[in-house]
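Below is one structure, written out as structure tokens; comments come after it.
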Amino acid sequence: MQKDKYKCLVDKLTPKESKYKNAIVAFLIGGIVGIVGELIMHLLTHCFGISRAESYAYLAMIMIFLGSLFTALGFFDDWVSFAKAGLFLPTTGFAHSIASCALDYKNDGLITGLGASFFKLAGSVILYGILSAFFLLIVRMIIGV
Amino acid sequence: MSSLKFNNVYINNYYSIAGPKERLGKIKNYDLTFKDYYFGEKTFEKAEIKMQSVVLDYLLKNNSADIILGGDLSNQITNSTYAARNYNTSFLGLYSACATFAEELLVASNLLETNQVNSVICLTSSHNLTAEKEFRFPIEYGSPKKVTSTFTATGCVGCLLTNNQSNIKVESATIGKIIDLDWKDPNHFGAAMAPAAADTIFNHLKDLGRNADYYDVILTGDLGKIGSKILIEYMREEYNIILKNHLDAGTEIFCNSQDVNSGSSGPVTIPLVFFNRVIKNTQYKKILLVATGALHSPLMLNQKESIPAIAHAVSFEVIK
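As structure tokens, this is what we get:
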């Protein structure tokens, strides 16, 4: 059978992913993560007297810690599987990808295993994030903003 | 012509081990099950090796084997070679992904048919967590699973084949061709493998001059729920063959409540179902086992290649 005809046959018999449901779940859960972040910031500024600017750094550390801890405790993967973009996009997702790689490759040695594979999933984010920031800076310099 | 006929090859013994999720599934009569994915070992790879060792210990307890045929999903099939190294027996490593068991059976039958060896062990295993690490994502990474995805089963099955008559006779086999219809989605292996299964079934029936109704059941490997529908439709459209007696092993291991989307996969899926469900069913006397395998690697997929697939068929007569 020709590959185009086969693709039509498969598409006809394959159930469609519920994109709208996934989008709504991601939106709501991503939103909840945002609210939790704001609450933590509020707590830091009002109860601990930390400046707003400094509390961003503390918030990032707390979210990264929670993402890594929950991954290590073994239940965060179920949450991410369900929430999809609502949890793998924010800082929590980044921490989750690094923590899960570290857990997997722990047995393959500290250097050849854990160290080599630590950024296996997050590497693209780091590389292209830094590159984009660099190019945008050039653009900003050229525009003279 | 890629089919072989056998006259004096029989399965004399077999042993199945199933893992934590499989033991809670549809089949309850596995020889051994375990609750911890580590199976008492330090790593999942060692757990898979241990499963193979337990099966080999059982099969070699009161028998000897001239040759062990092994294969699994791990890189360089180390989970099979590291298990077999302790048994001081000639070894052949085979690989056709989830079709490995059928490949082993047909090679073993061919060795035995000519009476040049006396006994051959075929065994294969898969472990969900070793497969996920190699093929997909780290185990604790919550990558979303599509409805078309399958769940690699954890278990190990081995069998002993000889020329001594038993109630399970290996009757014929067909060696499959690698079929590639440019399917690229690794979350939908059913679609990648169905054309290979169809091609092998068609050639098997043609070579042996049989029609699909000759068999009481045609058992395919891990096409899953959706892959099975694709196979039936594809066989009807491409070969004008209506499959009325089809059963897919991928749909027979886990219950619907176990959340495995399209079903079970892994080289151990088809032998777990064959030995623990199909041959136990007295209605199935003439069985065609068609194991399917996806012959890709993560590297080839990263290079934007498609997923070629293969299916090997072995037919049995269960004599009561």
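Protein chains in written order, with our numbering: chain F, 1 to 145; chain X, 1001 to 1320. Ideal Cβ positions, reconstructed from N, Cα and C, are used throughout, including at glycine. Being a predicted model, the structure only gives us computed values, none of them experimental.
{"Item": "Nearest-angstrom Cα separation, counted from F:S51 out to F:H42", "Value": "10 Å"}
{"Item": "8 Å contact criterion, which X:T1162 and X:S1119 should meet: CB distance rounded", "Value": "5 Å"}
{"Item": "4 or more residues per run - each alpha helix (DSSP H) lying fully within the stretch 1157-1241 of chain X", "Value": "1189-1208 and 1224-1239"}
{"Item": "Straight-line Cα distance separating F:L73 from X:D1222", "Value": "32 Å"}
{"Item": "Span of the beta strand (DSSP E) around X:C1122", "Value": "S1119 to S1126"}
{"Item": "Residue-level contact to chain X via CB, F:L89, 9 Å cutoff", "Value": "no"}
{"Item": "Residues sharing a beta bridge with X:A1294, DSSP", "Value": "X:A1309"}
{"Item": "9 Å Cβ cutoff met for F:H96 and X:Y1141", "Value": "yes"}
{"Item": "Endpoints, beta strand (DSSP E) assigned at X:N1008", "Value": "S1003 to A1018"}
{"Item": "Interface flag, X:F1151 vs chain F, CB-CB below 9 Å", "Value": "no"}
{"Item": "Neighbouring residues, chain X, relative to F:M1 (Cβ below 8 Å)", "Value": "L1181, P1195, Y1234, E1237 and E1238"}
{"Item": "Residues from the stretch 1131-1142 of chain X in contact with chain F, defined by Cβ distance under 8 Å", "Value": "K1133, F1137, P1138, I1139, E1140, Y1141 and G1142"}
{"Item": "Three CB pairs or more closer than 8 Å across the stretch 1118-1137 of chain X and the stretch 56-63 of chain F", "Value": "no"}
{"Item": "Close Cβ partners of X:K1133 (< 8 Å) along its chain, the five nearest in sequence each way excluded", "Value": "F1044 and I1139"}
{"Item": "Completely contained alpha helix (DSSP H) runs for the stretch 18-92 of chain F, where each covers 4 or more residues", "Value": "19-47, 52-73, 76-83 and 85-88"}
{"Item": "Enclosing alpha helix (DSSP H) for X:L1111 [first to last residue]", "Value": "T1100 to E1113"}
{"Item": "Cβ of X:I1226 within 9 Å of any chain F Cβ", "Value": "yes"}
{"Item": "Contact list for F:S81 against chain X, beta-carbon separation under 8 Å", "Value": "G1142, S1143, P1144 and K1145"}
{"Item": "Cβ of F:S97 within 9 Å of any chain X Cβ", "Value": "yes"}
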